[in-house]
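Data first, discussion second: the structure below is written as structure tokens.
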Amino acid sequence: MTEPLRQAYLLSASAIADDPRVRRMGDGLAARGIRVTAIGLEGGRSGHPDWPVIEAPLPEPPVVLPRPGLAGQMERGAAGVLSLPLGLAGKALSAAGAPQGAILLQLRHRARVAARPVSGLARALRRRLHAATLPPGERLMHRFWRMKPEARAIRDAVATLEGPALWIANDWPMLPVAAEAADRKGGIAVYDSHELALEEFAERRDWRRYVRPVVAHVEATYIPHVKVISAVSPGITAHLEAAYRVPVPHLTLRNAPAYEATAMRAAGDPVRLLYHGLVSPGRGLEALVESAAHWPAGYTLTIRGPSSPPGYMDTLAALAARHGIEDRVTFEGPVPMTRLVAAARPFDIGLMALPGHSAHNRSALPNKLFEYMMAGLALGVTDLDEMSALLRETGAGFSLGDGSPQAITAALGALTRADIDRMRAAALDAARRYNWQAESAPVIDAYLAAWQMHYR
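Heads up, the sequence shown is in the working numbering, so the first residue is 823 and it goes up one at a time.
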């Protein structure tokens, strides 16, 4: 007799309240009558979902000895690289002189770590010596658990849960946690890849040298244990299928919001352009601000979202001031994820000037594109594989070329109001096809089928 799927655990190294993809999947599973619990990290600006969330506190991070050249990268905002393997003891920084790039996991932890540099350094060196004696695979996993204390924290929280269950690994750091939970507590593990993990920060030499081997080992070790694989774009789905050749369903689950009806309206005066999302280096925001100095009259730009690192939005504001365009560029803090679509509706064009410097970016299909479409905005995106394919399929936007200030200026200068209104109407039409209800149904069906196959 088949064991019915009664409960699912969503594992994510994020603040669940602010993670739209995790929340949407939880809502979709709950609508199928499955008990849903998410295990994530502390924090979040949005209200909690209608199902339980376990918030795992981050443990105190290790002391990390930065390697030459790394500090400058972190000061430019190397988001996502939480820590790296230890360098030589002679390169260690004293607590008093540690720069911003010392790779400590959270600002709120830095003072505590700095207060006891000697004991922290001794522990770090002992860990380094111990790791050197391990076989290569174990050494990489040792590095993984040290790099990703949030994964350790979520693993500790999972230890208190009961199976059998559907264990959903949201992105590669959750793969070991989900696979081990399914093995020990019963049920099945599935993998939802939010990024092209092997290429996520491939433009950074230190990441390629120290982090990519860990990502490769984790995916190669644990993907064979999952029963369904999904990813945010067709390109990433194809990569996972070709790279690991695991004979399970491979599905594309675009990060689209739940459907909300939006009324069509003509472009406003001024024409309002929006970037919403993480305000961080590497997203083409400097190029947007620089190009705004040369936009047609009657065009304004709003950049909205959390700043990472914290002072980065101030850097963009200073750039706007140097160009004398404070009157046409506005900077705003984030809105709750549950209000993203509604807050975007007053705008006319949604922008994503992502640079094309990596296979990861070329495969990207950011959630903001679908949020813009749901709000009835025309899309302005760089000419990258997946984003360009979306434009060709929907007619909902225009190309920003290579994302340089000159290319952005030329693209906007070629637009007419009739063009903008035509694209906005196409965006609203596309939103009827690209929404979470339509995207998630085949994936949840695959979860249920995999569960039945496992327990038949």
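Yeah, the Cβ is synthetic: ideal placement off N, Cα and C, and Gly gets one too.
Residues N1077 of the same chain have their beta carbon placed closer than 6 angstroms to that of R843, with the five preceding and five following residues left out of the count. In the assembly as shown, P1168 is an exposed residue. Its beta-carbon has fewer than 16 other beta-carbons within 10 Å.
Straight through space, the alpha carbons of A1142 and V1111 are spaced by roughly 6 angstroms. A distance of 8 angstroms or more separates the beta carbons of K1007 and L988. Taking C-alpha positions only, S1052 is separated from A839 by approximately 22 angstroms.
N1183: member of the alpha helix (DSSP H) spanning 1181 to 1184, first to last residue. Excluding five sequence positions before and after G1146, the CB atoms of its chain that fall closer than 8 angstroms to its own CB belong to A1115, given in chain order. Contact between S836 and P1158 is absent: CB atoms are separated by about 15 angstroms, not below the 8 angstroms threshold.
Exposed is the label assigned to E1215, since fewer than 16 other Cβ atoms lie within 10 Å of its Cβ. The beta carbons of P1079 and N1257 sit closer together than 8 angstroms. Rounded to the nearest whole angstrom, the CA to CA distance from S1130 to E1002 is 32 angstroms. Between S1180 and G850 a beta carbon distance of about 31 angstroms is seen, past the 8 angstroms cut, so the two are scored as non-contacting.
The continuous beta strand (DSSP E) containing E1154 extends over residues 1151 to 1154.
Collapsing the DSSP output to three states places G1172 in a strand. No Cβ-Cβ contact shorter than 8 angstroms links L1234 with T1204.
The beta strand (DSSP E) runs lying completely inside the region 1091 to 1148 and spanning 3 residues or more are 1093 to 1098, 1121 to 1126, given in chain order.
Excluding the 5 residues flanking it on each side, R1094 has same chain C-beta neighbours closer than 6 angstroms at T1122, F1169, D1170, in chain order.
When rounded, the separation of the alpha-carbon atoms in L1191 and G1172 is 7 angstroms. When C-beta atoms of the region 1030 to 1042 are compared with those of the region 1263 to 1277, fewer than three pairs fall below 8 angstroms, so the two segments do not count as touching.
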